[in-house]
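K.L.:
Residue numbering for the sequence shown follows this note's numbering, beginning at 4 and increasing consecutively.
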Amino acid sequence: MKAVLSYLKPYKWFAIIALGFMLVELAAELVQPLIIAKIIDNGVVS
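Structure follows, in structure tokens:
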């Protein structure tokens with residue numbers, strides 16, 4: 004693990020930003036079915 008981290012050291016901020024974007028993507032994927040369900044429910048009621 005230390006060997007991998009030594010290669011990432013010059014790109015520390017890029018790695019942190021990439022991790023942040025991965026977390027945002029994960030949150031979006033988890034929320035997407037809820038949004039689609041609300042759209043369908045409101046469309047069926049109308």
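For glycine and all other residues, C-beta sits at the position ideal for the given N, C-alpha and C.
Because the structure is a prediction, the values reported are computed rather than measured.
Excluding five sequence neighbours on each side, which residues of the same chain lie with their C-beta closer than 7 Å to the C-beta of A21?
P.N.:
So no residue of the chain qualifies.
K.L.:
Using only the alpha-carbon positions, how far apart do E28 and P36 sit?
P.N.:
Cα to Cα, E28 sits roughly 14 Å from P36.
K.L.:
Nearest-angstrom Cα distance between I42 and A30?
P.N.:
Distance between the alpha carbons of I42 and A30: 19 Å.
K.L.:
Expressed to the nearest angstrom, what Euclidean distance is found between the alpha-carbon atoms of S9 and I39?
P.N.:
For S9 and I39, the distance between alpha carbons rounds to 43 Å.
K.L.:
By the DSSP assignment, the alpha helix (DSSP H) with Y10 in it spans what residues?
P.N.:
Run containing Y10: K5 to L11, per the alpha helix (DSSP H) assignment.
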